[in-house]
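Please read the structure below before turning to the comments.
Residue numbers (the UniProt record's numbering): 1 to 472.
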């Protein structure tokens, strides 16, 4: 995964810009995304052979959010091919796109598509209330973009990622496998009733006819894979973050009670309104916002354009660790351990290991080495009063706060509780409390504990023990 992959998003244009434009007419022609059916959340089951989870749908998924890499015509053509396959093979599935993508391809598809609303609140209602599955075509930055849409949501839909970008460390699927991949996800853990419905049935009794007609899987005859063949889920842990200044609360996450006057402007820059996830408080309102802010990759405090080193106090679980004098500090998740943290000398952590990685950026002291802490540790990074510059830049998954964090400001970070302790191997399954469920290649049916695609992918990316210049 590339370090500090920029999320290049621009703020939505003012409403009046569409008053008489062709794009405005196209928006009105597309159906309202608010009409999409209610979300059908899956449940997850523990597996016997490995630490991955099994995906289980109680009924067929209804809405898929398709996202692609920007400024890549070949990816757009692949997106149209995938969307056409879904609409013709799974006609009951609704397809949702970002507005600019929906406007560009809707006339190339046989059925109606939906566009994500431009307004932040309306977009969040659709994302959190209707989307069952996210499918991305692109690199790791596209996956981060998809995860950022749920930065203030506890639950994230499963993500099916096709690697079509510069780096594809997070996405294991090749686009040539899209038919198999979508079928495995769509039919994952279908019930025993679906097996009887989808396989040839010899009975002609009235009771059986009524049962088949009422079964939600009845239109998918011949696609059943078996009740014990689930799509495999690698659950990626996120960081839970809050940013505090002496005068105001920027966003809320890790345990905190700070509050104050609000900043009137969005504090995170972004193209789509749903990306402006920083919580703000109305002036005089002391009630904390209801949702925390989550990051899949990393939190970065950096000196930015200022030539002076930063001075940042580090506290772990309320106990002072040290005052770091460096270009900056990184707190990364296991997923983010292969990004900027790795480039700064941090260690690589398997995504199944719940942990926090604290990595200094070019520290003045050579004895300050990266640390791996438990995921439930609470880390506080405080800009010291002795810091020579007026502020320190703060970046959350590539989204930079508009204003630097001044002296006395704090960033509080802890790991997200994903609720794995309650997941068992029962037939009913258990919903997740958090995390980003990433769908990996293959099915649980024939997988052994030694089959870990992450290890092979890591070796292929970093080329362990290969001499420089040697072809792999």
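Every residue gets a Cβ at the ideal spot worked out from N, C-alpha and C, and that includes glycine.
Taking one C-beta from the region 168–185 and one from the region 100–111 each time, how about it: are there three or more such pairs within less than 8 Å? no
Closest by C-alpha distance to residue 67, when choosing among 246, 143 and 323: 143
Whole-angstrom distance between residue 166 and residue 158, CA atom to CA atom: 23 Å
Across which residues does DSSP place residue 182 in a beta bridge pair? None; residue 182 has no bridge partner.
Nearest-angstrom Cα distance between residue 454 and residue 338? 12 Å
DSSP state of residue 104, grouped into three classes? helix
Which value, in whole angstroms, describes the spacing of the CA atoms of residue 411 and residue 439? 31 Å
State the start and end residues of the unbroken beta strand (DSSP E) segment that holds residue 410. 410–415
Spell out the partners DSSP gives residue 135 in its beta bridges. 66 and 160
Kindly confirm or deny that the region 347–360 and the region 384–396 touch, where touching means at least three C-beta pairs closer than 8 Å. no
Name the residue from 231, 170 and 111 whose alpha carbon lies nearest to the alpha carbon of residue 137. 170
Does any residue of chain D bring its CB to less than 8 Å from the CB of residue 114? Checking the listed chains, one finds no chain D in this structure; it contains a single protein chain.
Length at least 3, wholly inside the region 342–406: the beta strand (DSSP E) runs in chain order: 355–363, 371–374, 379–383 and 391–396
Determine whether the beta carbon atoms of residue 413 and residue 379 lie at a separation below 8 Å. yes
Buried/exposed call for residue 376, threshold 16 Cβ in 10 Å: exposed
Quick one: is residue 96 buried, meaning 16 or more other Cβ sit within 10 Å of its Cβ, or exposed? buried
Specify, as a first and last residue, the run of the alpha helix (DSSP H) that residue 140 falls within. 140–148
Beta carbon of residue 133, beta carbon of residue 185: below 8 Å? yes
Report the three-state DSSP secondary structure of residue 188 (helix, strand or coil). coil
Mapping the DSSP letters down to three states, classify residue 90 as helix, strand or coil. coil
State the DSSP-derived secondary structure class of residue 311, mapped to helix, strand or coil. strand
Can you name, in chain order, every residue of its own chain whose Cβ lies under 6 Å from the Cβ of residue 315, other than the five neighbours on each side? 380
Sheet register partners of residue 124 (DSSP bridge): Paired residue(s): none; residue 124 is not in a bridge.
Burial state of residue 45 (16 or more Cβ within 10 Å): buried
Would residue 131 and residue 34 qualify as a contact pair, given that the criterion is a beta-carbon distance under 8 Å? no
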